[in-house]
Amino acid sequence: MRDRWLKWWLGYVVLAIRGRYLERFLNQIVRQGVFVWDVRITGERQARLAVLVRDVRRLRSARRPLGIRARIVAKRGWPFWRYRLARRKGFVTGLLFFVVLLYGLSQMVWHVEVVGNERLRDEEVRRVAEELGIKRGQWRAHMKELDELQRQLLSRLPDVAWVGIEMKGTRVRITVVEQVKPEEKPAQGPSHLVAAKRGMVHRLIVERGRPLVRPNEWVAPGQVLVSGVMGDEGQTRIVGAEGKVEAEVWYESEVAVPLVQKREVLTGRRFARTYALVGTYRIRLRGYEAVPFARYRVVEEREEGALFGRRLPLGWRKEVFLETELQEVRVSPTEAAAIGKRLARADVLRRIGDEGRILREKVLHSVVRNDTLYMKLHVVTLENIARAQPIPEQGD
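Sequential numbering of the sequence shown, starting at 575, is according to the working numbering.
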């Protein structure tokens, strides 16, 4: 009987009792087998206690001879709930209908998401998925097994190497991995590979042609690195040289970093908008006026409903607009130097492209003048300096 859920199921009442012989009354009902809990003295000759509904009548025979008066303060438990619900049949019917409706909506697909594709359009994947039954408004029970859907979807998308289908509540996520096709190289005529920049050769990767330089050798712009002329004297043939020549290249980059900078900081003022989410639609509940800030950041909070572990197409979304302003902040020369190095690296990376990388860097000169740090940096990179140069046709 100490289980509160069992008490709630059987039903109990809280009684306020008053009389001269409270202790004798309590001892007598306990000897009769009445279960009593939460006994509290509330005043002189006054107390409160809780008993089960089934034991209320048994208290009468004990309290009348002792002159104990009792008054019901509260009624708790399922029997009283059942009585109230019986009087509100319309409410109960509506509640049950709402629960059934929510459960039914949670068994349907409300959103289909396609991720991982780059060349293949989302519309194409969704069109094929709809033909297989993966679409909005589809009952999950009417869909095929996910393994079968993945196999059929993969067979209908020839440019896809792998397809994964994940179902979370009312959302279906289709993950696409596209096939990686080798780049078709344009037809190349007879050519040499020449140096596009001055540098020191680090490594040669020759696919076709005759190398003319070695590692640790300095080369100048326009110098032939890999010749397209192959063979011995009298038995030569001209081809299009192919390959890579990685070399260390030196750069000098000059940057200027102000010691007084403008930075965006929060003012503490905020403005919020709240939306109710129903499927893919949103209904604004709060924050109809325009955002009262000229500069701001947006922080989004989102929560979706769930029932019996199933995600429902219902939820809410809150957008919080945080006002910001520009303030002048003075930075130290050390912090300005770190900013200058990042700017120099970004400048060099733009000049060398995606295939190159920075090996090391060194500050050659640094001086503060007029609240500005001026820096000159020496940056060493490793990059492919080989460029194709057509071999002119030789006359007879």
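Where a beta carbon is used, it is the ideal one built from N, C-alpha and C, also for glycine.
{"Item": "Starting from valine 800, trace the beta strand (DSSP E) both ways and give me its first and last residue.", "Value": "798-801"}
{"Item": "Near asparagine 790, what residues of its chain come up, given a Cβ to Cβ distance below 7 Å and the 5 sequence neighbours on each side ignored?", "Value": "Met774 and Val775"}
{"Item": "Quick check on this structure: which residue in Gly861, Gly802, Trp713 and Val942 has the alpha carbon closest to the alpha carbon of valine 834?", "Value": "Val942"}
{"Item": "Excluding sequence positions up to five away, which residues of its chain have a Cβ less than 7 Å from the Cβ of arginine 700?", "Value": "Val686 and Val688"}
{"Item": "If you drop the 5 nearest sequence neighbours on each side, which residues of the same chain put their C-beta closer than 6 Å to that of leucine 596?", "Value": "Ala621"}
{"Item": "Determine the direct distance from the alpha carbon of valine 780 to that of aspartate 970, and round the result to whole angstroms.", "Value": "Bear in mind that a pLDDT of 41 at aspartate 970, under 50, signals an unreliable position, so the number given afterwards is only what the model happens to contain. Using only the alpha carbons, I get a separation of about 30 Å."}
{"Item": "At the level of alpha carbons, what is the spacing between valine 673 and lysine 663?", "Value": "15 Å"}
{"Item": "Report the three-state DSSP secondary structure of glycine 531 (helix, strand or coil).", "Value": "Examination of residue 531 is not possible in this model, given that the chain is present from 575 through 970 alone."}
{"Item": "For the beta strand (DSSP E) containing glutamine 620, name the first residue and the last one.", "Value": "620-626"}
{"Item": "With a CB to CB cut of under 7 Å and the five nearest residues on each side skipped, what residues in its chain are close to aspartate 696?", "Value": "Val688"}
{"Item": "Find out if the Cβ-Cβ distance for the pair glycine 651, glycine 711 is shorter than 8 Å.", "Value": "no"}
{"Item": "Note down, in chain order, each residue of its chain lying with its Cβ closer than 6 Å to the Cβ of methionine 575, except the 5 sequence neighbours on either side.", "Value": "Note that methionine 575 scores a pLDDT of 45, beneath 50, so its modelled location is shaky; the value from the coordinates is reported in the next line. The answer, listed in chain order, is Phe609."}
{"Item": "For the beta strand (DSSP E) that lysine 649 lies in, which residues bound it at each end?", "Value": "643-650"}
{"Item": "Just mark isoleucine 646 as buried or exposed, buried being the case when its beta carbon has 16 or more other beta carbons within 10 Å.", "Value": "exposed"}
{"Item": "Any idea what DSSP makes of serine 906, helix, strand or coil?", "Value": "coil"}
{"Item": "Answer yes or no: do alanine 644 and valine 588 have a C-beta to C-beta separation smaller than 8 Å?", "Value": "no"}
{"Item": "I'd like to know whether the C-beta atoms of isoleucine 932 and threonine 908 end up nearer to each other than 8 Å.", "Value": "no"}
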